[in-house]
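Here our numbering is used: position 44 in the sequence shown is 1362, and no number is missing along the way.
Take a look at the structure below.
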Amino acid sequence: MTQEEKQLLIKALCRYFPYGVICSVVHKKDGRLVEEDMKLSGMFEDGNFYFLDEMGSTYSDNYIPYLRPLESMTEEEHNEWFQYYQNAEMEELNKSGDYFKAATSGYNAKYDWLNAHYFDYMGLIPLELAIEAPFGMYNC
1319 MTQEEKQLLI
1329 KALCRYFPYG
1339 VICSVVHKKD
1349 GRLVEEDMKL
1359 SGMFEDGNFY
1369 FLDEMGSTYS
1379 DNYIPYLRPL
1389 ESMTEEEHNE
1399 WFQYYQNAEM
1409 EELNKSGDYF
1419 KAATSGYNAK
1429 YDWLNAHYFD
1439 YMGLIPLELA
1449 IEAPFGMYNC
């Protein structure tokens, strides 16, 4: 993985961390290298980015996330996504009366929903920076 690809992946993964993204991780266990699927979050420390598993162990370079391609979105999910960001826009418009704030709120909600449902809207799967999640891996 090049440094540019690594930076792109870290920027992308920061969006999924609040929801606990599952990654394939290669790490040492009992003195040997093993590959396991783990739910990871992340943190910055001393200018470096570290991935954390649920137990707080850190990993830095040997991970690849499982994400869902946009094409796998069902009609039901599409309708839910559309309602989610439309509701955010209308709520802000009713609260503030500001169309710009309403549009911004809808825009943010649109991507928040995609992150919460682990969709790869940045094209990481075709770049081989993510693995297509098997059906049912994320029960959203």
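Idealized CB from N, CA, C, for every residue including glycine.
As the structure is a prediction and not an experimental result, all values here were calculated from the model.
Residue i, buried or exposed, once every other Cβ within 10 Å from all chains shown has been counted against 16
i	result
V1344	exposed
Y1403	buried
E1407	buried
D1364	exposed
F1437	buried
Through-space distance from residue j to residue i, alpha-carbon basis
i	j	result
V1352	P1383	16 Å
L1358	T1422	29 Å
I1443	M1356	18 Å
L1432	K1347	34 Å
L1326	D1416	33 Å
G1424	M1455	28 Å
Where the alpha helix (DSSP H) containing residue i begins and where it ends
i	result
S1342	Looking at the DSSP string, S1342 is not in any alpha helix (DSSP H); the run it does join, the beta strand (DSSP E), is 1339-1347.
L1388	Here L1388 belongs to no alpha helix (DSSP H), and DSSP marks it neither H nor E.
A1451	Unbroken run through A1451: none, as it is neither H nor E.
M1455	Unbroken run through M1455: none, as it is neither H nor E.
H1396	1393-1414
Option nearest residue i by Cα separation, candidates the options
i	options	result
C1332	M1440, M1373, W1399, Q1321	M1440
V1339	A1434, G1454, P1452, Q1401	A1434
A1420	E1410, Y1381, L1445	E1410
N1397	E1372, Y1381, R1386, K1428	K1428
E1354	L1445, I1328, S1342	S1342
E1372	S1390, G1349, R1350, P1336	P1336
A1330	R1350, L1447, Q1401	L1447
Neighbourhood of residue i by C-beta distance below 8 Å, restricted to the same chain and skipping five residues each side
i	result
I1449	S1342, I1382, P1383, Y1384, L1385, I1443
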